[in-house]
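I have placed the structure first, in the form of structure tokens, so that the comments after it can refer back to it.
Numbering (the working numbering), first residue to last: 1254 to 1909.
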């Protein structure tokens, strides 16, 4: 940012608390600290701004107003204001809002918030907490303004099917997001939406000035048409957690069941993540748990039922890490069939380490095996996501080199079948450079070969792009789309939704454009050309009765099926070139070979459960197969002609 702050004073009454000669500096990738005796000045770099805090660890031996002052160096023009509790806006040459120095709040050890006044004279910002308020606070005390816009920070969305017996095509979905009301107050909202992100109504909210709902999560129990929402309640030195179940057929505000895990002082339930379920009435809620008194951090979880009842898991998902810090676990968005849920987390966010995974069974028991999804390298792994099903998974993560190198967004394909262990497969780079930030990850349960990764990249000093990449069966990028370029998008979330009438994937994200900050939805469909199949030439069989899957590049299980046959041997011709070669000369009058014979592969067919002849083969994602190809069915039909063999017409497919 074209904006610099230099602290000139932190004082209570006439007592100066900052002594430059005694300052100690501490630096990591996203945090910078000055330690001035019992005042710590810190800067945390986030996607939505720079959070500046001043922590005063104990009560000074004096009375008076608390005043924090700093010189501002910038080419931007700040709005001069007299002391008031409110933001200070800095504008560009056309008067556009560029930077906002947010309203300052002091938060004491009991979680109480005390508004501070802010003043700016053109060169100097002064934050002030009056003496009467300071006298009543419990130390340590945190002064917390936010430098940046007023964004929506976290978002999650899901699209679910309602109860099958009542309305199997109910199109309702839930979008959940948090909005920053002040630097210490994040409020959470959940809205019911129809296809195309048509807003129905607000069905969930948690608006309070006594705690901050910074992190949210959402998941679905499709069989019951119920969603599960989880939201933090950060309050001073403790973090409680609310989880709430809601029937998507209901437009009633908070008409579901709410439960709050109330934290004691020093206890934290943070970084919730939810795994939904397509075939059962249960979801999995996991979170970082900090034990009061000891400060030990584990990953814990509980099953939550559609009724709102819950049961804690029989054991921890993850024991304390070597660094004993929060690890922000991820859960695959859905459990497929009855295989349970997959939880993933990085071993460390301060040094190199592995990405681990563990399965949680539908019974609530954790798998005895904690396996490695991504080995340790010379990088720090952050922003871990995981998605998949039927034993086939992808984990995406932000890879930050510990030394010289490029920050990248990467994907690891791995298999983890029921009762087995992890088989690591391909490691791919989704985006290298441009400071990528990982968002959502969704899996296509129908092709069982594709994933959509939503993420942001930096395109300039104050601009970004939101992208959605389709990954194929080896996690290579098949297609990359830019979803938003005009404004600054953040926190993308993505959900897979195969219901008729709905977009196949739905993406939720926050937009900052300097004038208004919005939550937006975007749809993602596979290319229409992949669904187009063009017949050519004519067949000589009893009927041109065959069908095939969409020609989606990166599909491992592209299938073509012959529906009408004589239960006699059949095969599928495949070629990159077409032809129109009459076959009369070999005893097949009226039959035409529609594929180039010199460049044809022949796939013997097998009967599937529906008594259809079927051939399955991959359309590779690396090297990318995105060309036109041709197929033609051939099968035995005794008596149809002299050779006893017939063919259908040719079919042209465009792989995309």
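For glycine and all other residues, C-beta sits at the position ideal for the given N, C-alpha and C.
Straight-line measurement puts the Cα of residue 1536 at about 44 Å from the Cα of residue 1883. For residue 1681, the closest alpha carbon among the candidates 1647, 1787, 1565, 1687 is that of 1647.
As the crow flies, the alpha-carbon of residue 1713 is around 10 Å from that of residue 1688. Inclusion of residue 1443 and residue 1427 in the CB contact set at 8 Å is warranted, their separation being smaller than that value. With fewer than 16 other Cβ atoms inside 10 Å of its own Cβ, residue 1876 counts as exposed. Nearest in C-alpha terms to residue 1343, of all of 1478, 1327, 1858, is 1327. By alpha-carbon distance to residue 1804, the top candidate from 1814, 1526, 1731, 1906 is 1906.
Between the C-alpha atoms of residue 1258 and residue 1627 there is a straight-line separation of about 40 Å. Cα atoms of residue 1477 and residue 1643: separation of roughly 21 Å, rounded to the nearest angstrom.
When only Cα atoms are considered, residue 1547 and residue 1520 end up about 9 Å apart. Boundaries of the beta strand (DSSP E) harbouring residue 1813: 1811 to 1815, taken from the DSSP string.
In chain order, 1444, 1446 place their CB closer than 7 Å to the CB of residue 1452, counting only its own chain and leaving out the 5 sequence neighbours on each side. Three or more beta-carbon pairs drawn from the region 1623 to 1640 and the region 1655 to 1669 are found closer than 8 Å, and the two stretches are therefore classed as touching. Just so you know, the alpha carbons of residue 1595 and residue 1638 end up roughly 11 Å apart.
The beta-carbon separation of residue 1329 and residue 1256, rounded to 6 Å, stays under the 8 Å limit for a contact. Excluding residues up to 5 positions away in sequence, 1493 lie with their Cβ nearer than 6 Å to the Cβ of residue 1515 in the same chain. Nearest to residue 1641 by alpha-carbon distance, out of 1576, 1531, 1787, 1263, is 1531. Take residue 1879, set aside five residues on each side of it, and the residues of its chain with a beta-carbon closer than 6 Å to its own are 1806, 1908, 1909, in chain order.
Nearest in C-alpha terms to residue 1322, of all of 1374, 1352, 1728, 1677, is 1374.
In this structure, the alpha-carbon of residue 1462 lies about 32 Å from that of residue 1570. A buried status is given to residue 1495, since no fewer than 16 other beta-carbon atoms sit within 10 Å of its beta-carbon. DSSP places residue 1895 outside both helix and strand once states are collapsed to three, so it counts as coil. The beta carbons of residue 1867 and residue 1814 sit closer together than 8 Å. Residue 1380 carries a strand assignment under DSSP once its states are collapsed to helix, strand and coil.
In the three-state scheme derived from DSSP, where H, G and I count as helix and E and B as strand, residue 1784 is classed as helix.
A direct Cα-to-Cα measurement between residue 1812 and residue 1857 gives close to 13 Å. In the DSSP assignment, residue 1527 falls within the unbroken beta strand (DSSP E) covering 1521 to 1530. Check the Cα spacing between residue 1886 and each of 1801, 1830, 1863: the tightest is with 1801. Annotated as proximal: residue 1597 and residue 1583, with beta-carbon spacing under 8 Å. Pairing residue 1291 with residue 1311, the inter-Cα distance amounts to about 7 Å.
Collapsing the DSSP output to three states places residue 1562 in coil. When only Cα atoms are considered, residue 1545 and residue 1369 end up about 30 Å apart.
In this structure, residue 1470 lies near residue 1527, with their beta-carbon atoms less than 8 Å apart.
Separation of the CB atoms of residue 1655 and residue 1631 is rounded to 5 Å, and the pair is thereby assigned contact status at 8 Å.
Of all alpha-carbon atoms in 1732, 1673, 1488, the one lying nearest the alpha-carbon of residue 1394 is that of 1488. For residue 1836, the three-state secondary structure derived from DSSP is coil.
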